[in-house]
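First up is the structure itself, then whatever we jot down about it.
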């Protein structure tokens with residue numbers, strides 16, 4: 010036994026194989042070769058050889074990009090507004106054309122009309138079955154007001170390039186509200202988040218989706234019944250290419266057959282040859298424009314409403330983490346601002362009534378201009394200060410009384426600033442008559458005044474009044490497009 014125990018088979022590191030162990034303990038198993046498989050011996054067998062290599066994990070196959078028939082059709086239709094926008098941009102803004110946007114020509118206005126109408130139509134088409142926010146009709150009305158006034162050259166208050174800028178603001182907001190993709194479900198405090206979504210995040214995130222959707226359309230067809238329509242669009246494209254090759258041959262043969270027809274075709278080729286380079290340039294410039302437009306429409310079509318709402322909620326939660334300043338600090342600072350403004354009002358009291366009575370200072374032109382814009386800038390600074398307080402003061406839910414009083418006091422000072430600025434406009438009109446520019450200034454003062462009134466209501470009652478202020482200001486702006 011001792012000799013057998015100290016044999017090389019039993020020393021550590023030389024464990025006996027399963028065959029040797031079973032042949033010693035169970036001689037009857039020698040003929041069977043001491044089966045080593047688990048299940049044949051009824052237990053775990055010791056395996057002294059090398060382990061087989063582990064099977065490589067199956068590579069996860071990326072799912073194939075698919076698109077709905079509505080997305081496929083929209084991807085191709087976006088070529089229309091993109092081309093006319095590129096043409097409008099080149100003929101209106103690039104220096105070699107030298108078109109003054111204050112007085113656009115007829116073709117430029119037609120291009121703008123086609124771009125506007127087709128973009129609105131595509132928005133309605135792709136989001137027709139979505140829930141529509143009632144605000145979308147407001148922004149659509151503002152957008153159409155700007156568009157109609159530009160196309161038919163109505164109104165003198167705003168220049169055409171002003172209306173073009175307004176349309177670029179109203180159009181994305183119409184898409185947001187019509188698709189119900191507003192970050193908070195309504196216009197208001199997340200306007201900057203909505204602007205980031207509609208101008209940067211969504212369209213550039215889906216910038217390549219138009220070409221991918223078109224490839225899916227050529228691969229699978231426009232119908233969801235792939236078994237019957239698969240590759241139908243590709244065959245249709247081949248048919249169009251075949252016709253494009255055969256048609257010039259037929260035209261050439263007809264020119265040989267008749268000299269009058271040959272002269273007509275020659276004149277057409279000369280007209281086309283003078284502008285074909287420009288048209289091709291418009292087409293290539295329209296490709297990124299179309300990718301942006303489809304990235305905006307198709308991106309919002311693919312992103313669910315809860316996903317947009319969650320992004321807005323995360324933004325609000327991130328803002329709440331920045332609220333570290335105690336309300337007392339801000340209240341004291343607001344009292345200092347209000348005290349400075351009160352001293353200014355005491356100094357301006359006499360001149361305020363003189364302006365309403367039409368009593369002019371020694372140099373009224375520079376006095377009115379400089380003081381008006383300075384007062385408007387101070388009002389904007391006060392709004393910015395209140396915005397900083399709203400996003401940095403902690404425990405706003407408790408409504409600190411001292412902070413509320415100082416907010417209201419600052420807003421009343423802002424209202425007085427608006428009244429003084431309006432007196433400057435009245436004095437200017439009485440002295441040098443009425444002009445469209447002075448009506449623009451009056452709109453600015455009215456917008457600031459309404460903003461102060463809406464902010465006072467929001468501070469006192471806690472109601473959300475920013476949407477009403479935005480709609481009122483945009484409505485006044487749109488009405489002035491026809492004046």
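Numbering (this note's numbering), first residue to last: 10 to 492.
Beta carbons are placed, not taken as given, at the ideal position from N, Cα and C, and that holds for glycine.
If you draw a 10 Å sphere on the C-beta of residue 442, you find fewer than 16 other C-beta atoms in it, and that means exposed. Around the C-beta of residue 297, fewer than 16 other C-beta atoms lie within 10 Å, and the residue is accordingly described as exposed.
Put simply, the backbone Cα of residue 423 is about 48 Å away from that of residue 83. Cβ atoms of residue 464 and residue 420 come within 8 Å of each other, at about 5 Å. Between the C-alpha atoms of residue 317 and residue 142 there is a straight-line separation of about 15 Å. With a 10 Å radius around the Cβ and a threshold of 16 neighbouring Cβ atoms, residue 167 comes out buried.
Residue 477 has its alpha-carbon roughly 15 Å from the corresponding atom of residue 470. By alpha-carbon distance to residue 203, the top candidate from 462, 414 and 309 is 309. Residue nearest to residue 185 within the set 169, 199, 207 and 175 is 207 (criterion: CA-CA distance). Judged by beta-carbon spacing, residue 381 lies beyond the 8 Å limit of residue 438, meaning their Cβ atoms are not closer than that value. In this structure, 302 is the residue among 447, 302 and 263 with its C-alpha nearest to the C-alpha of residue 213. The bridge partners DSSP lists for residue 334 are 402. About 5 Å separates the Cβ atoms of residue 121 and residue 97, confirming a contact at the 8 Å cut-off. In this structure, DSSP gives residue 206 a helical state, which the three-state scheme calls helix.
Here the C-alpha atom of residue 256 lies approximately 15 Å from the C-alpha atom of residue 270.
When 387, 245 and 287 are compared, the shortest CA-CA separation from residue 100 is found for 287. Unbroken alpha helix (DSSP H) runs of no fewer than 4 residues, entirely contained in the segment 395-457, are found at 410-441, following chain order. Secondary structure note for residue 152: its alpha helix (DSSP H) is the uninterrupted segment 144-160. Rounded to whole angstroms, the gap between the alpha carbons of residue 187 and residue 149 is 9 Å.
Taking all protein chains in view, the Cβ of residue 306 is crowded by 16 or more other Cβ atoms within 10 Å, so the residue is classified as buried.
When C-beta atoms of the segment 319-326 are compared with those of the segment 88-96, fewer than three pairs fall below 8 Å, so the two segments do not count as touching. The three-state reading of DSSP puts residue 490 in coil, since its state is none of H, G, I, E or B. When the beta-carbon positions are compared, residue 216 and residue 299 stay at least 8 Å from each other. Taking each of 452, 410, 114 and 458 in turn and checking the Cα distance to residue 468, the smallest one comes out for 410. Note on residue 358: under 16 other CB atoms within 10 angstroms of its CB, so exposed under the neighbour-count rule. In this structure, 400 is the residue among 400, 349, 339 and 274 with its C-alpha nearest to the C-alpha of residue 327. Bounds of the alpha helix (DSSP H) holding residue 126 are 115-135. For the options 129, 183 and 154, the alpha carbon positioned closest to that of residue 173 is the one of 154. In this structure, the CA atom of residue 428 is about 27 Å from the CA atom of residue 164. Just so you know, the alpha carbons of residue 290 and residue 170 end up roughly 24 Å apart.
In this structure, DSSP gives residue 379 a helical state, which the three-state scheme calls helix.
Residue 285 counts as exposed, since fewer than 16 other C-beta atoms from the protein chains shown sit within 10 angstroms of its C-beta. Apart from the 5 residues on each side of it in sequence, residue 331 sits with its Cβ closer than 8 Å to the Cβ of 400 and 401 in its chain, given in chain order. For residue 116, the number of other beta carbons within 10 angstroms of its own is below 16, and it is reported as exposed. Apart from the 5 residues on each side of it in sequence, residue 324 sits with its Cβ closer than 6 Å to the Cβ of 202 in its chain, given in chain order.
With a cutoff of 8 Å on beta-carbon distance, residue 387 and residue 426 are scored as near each other.
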